[in-house]
Every structure is written in C-alpha cells, then in structure tokens.
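Trainee: Sequential numbering from 1 applies to the sequence shown in UniProt numbering.
Got a structure for you, written out below as structure tokens; questions coming shortly.
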Amino acid sequence: MPKKRQALVEFEDILGACNAVNYAADNQIYFAGHPAFVNYSTSQKISRPGDSDDARGVNNVLLFTILNPIYSITTDVLYTICNPCGPVQRIVIFRKNGVQAMVEYPGIRGAQNPEAGGGGAQRAKASLNGADIYSGCCTLKIEYAKVSAPGTPGDTWGY
C-alpha cells in the first residue's frame with residue numbers, strides 16, 4: 001500500500017501482534033527516518049494473489065527458501081533439522097535463484113496419526129519457519145509447496 005504510506009505486518013500469532021502494538025504505544029518507532037504508527041488491522045491474514053497457504057492448502061510437501069545462505073546447505077543438513085518433526089521421505093535442493101528445497105513427509109492422510117509418521121510437514125512448518133539453521137544466517141522461510149512431490153534431478157536424496 002505504498003500510495004497510502006501504509007504497510008501490513010503479519011505475525012505468527014495474536015500475541016506477537018499485541019506485543020508490537022503495546023511496544024509502539026510506549027516507544028516511538030521510526031521507519032526510514034519517519035515516525036510510524038502501529039495499530040491493529042481488520043485483516044486476519046495478508047493474502048497475495050497466487051501465494052497464499054489457503055490457496056495451496058495443507059499438504060505433505062514443504063518449500064523451503066533459505067535466506068542469507070552463507071554456509072553450504074546440503075540434503076544432510078536439511079534432513080538433520082527436518083527429521084525430528086517427522087520421518088522425511090525425500091529432499092530436493094534447487095540452486096537456480098538462491099537456495100530453495102522441497103521436503104516431502106509421509107502423506108497428509110496420516111496427519112491425525114503422528115505415530116504413523118503423519119503430520120510431519122505441519123510440525124516442521126510450525127516449528128522451523130523463521131528459524132536460522134546457523135546462528136544469524138541461513139534463515140528458513142517455509143511454505144506449503146504447490147506440487148505433490150519433489151522429483152527433479154539435482155541435489156536429491158530419498159530417505
């Protein structure tokens with residue numbers, strides 16, 4: 001909303017939004033040298049055409065975008081951080097425009113049965129999104145993938 005000189009910020013939960021509004025009530029915040037005013041929006045979620053989790057729906061394949069990838073990202077590194085959330089079936093790394101990876105967990109039908117390995121994608125997205133693989137770098141941005149399973153050649157490994 002650049003022409004209105006406004007912006008929207010989406011938080012993981014309502015507590016984060018409350019903390020931001022409360023902090024701004026007691027502390028002046030500046031953006032590009034100009035005072036910023038913080039308030040709640042009537043929107044619950046920021047939606048972008050063709051880029052919302054609601055449009056894609058929950059599935060068992062996650063798209064990882066690694067921001068500020070100073071260190072090498074391999075399938076072994078991703079397996080190490082993803083496997084505690086549930087058994088990883090396959091990992092594919094793409095290096096064409098930055099570093100992205102697709103991580104496949106067992107089918108979504110098992111989501112109600114964690115003992116059978118279901119729900120790993122949802123747990124991984126909830127616990128790893130926004131986290132750093134290494135301190136201060138290799139930050140994870142995680143979304144549900146548009147495809148049903150990775151499978152292109154490249155840095156690929158099936159588990």
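Note that the Cβ used here is the ideal one computed from N, Cα and C, for glycine as well.
From a predicted model like this one, the values you see are computed outputs, not experimental measurements.
Using the rule of at least 16 other Cβ atoms within 10 Å of the residue's Cβ for burial, across every protein chain shown, is Pro114 buried or exposed?
Mentor: Low confidence applies here, because Pro114 scores a pLDDT of 48, under 50, leaving its location unreliable; read the following figure in that light. Label assigned to Pro114: exposed.
Trainee: Below 6 Å CB to CB, which residues in the same chain sit around Thr65 once its five sequence neighbours on both sides are set aside?
Mentor: So the list reads Gln100 and Lys141, once near-sequence residues are dropped.
Trainee: When the Cα atoms are used, what is the spatial distance from Gly119 to Tyr105?
Mentor: Cα to Cα, the separation comes out at about 8 Å.
Trainee: By Cβ distance, which residues of its chain are closer than 8 Å to Leu8, with the 5 residues on each side in sequence left out?
Mentor: The answer, listed in chain order, is Met1, Ser41, Ser43 and Ile46.
Trainee: Span of the beta strand (DSSP E) holding Ile46?
Mentor: Where Ile46 is concerned, there is no enclosing beta strand (DSSP E), given that its DSSP letter is neither H nor E.
Trainee: If we ignore side chains and look at the alpha-carbon of each, how far apart do Pro35 and Arg5 end up?
Mentor: Their Cα atoms are separated by approximately 12 Å.
Trainee: From Tyr144, Gly130 and Ala145, pick the residue whose C-alpha is nearest to that of Cys138; which is it?
Mentor: Checking every option, the nearest Cα to that of Cys138 belongs to Gly130.
Trainee: Determine the burial state of Asn39: buried for a count of at least 16 other Cβ atoms within 10 Å of its Cβ, exposed for fewer.
Mentor: Asn39 comes out exposed.
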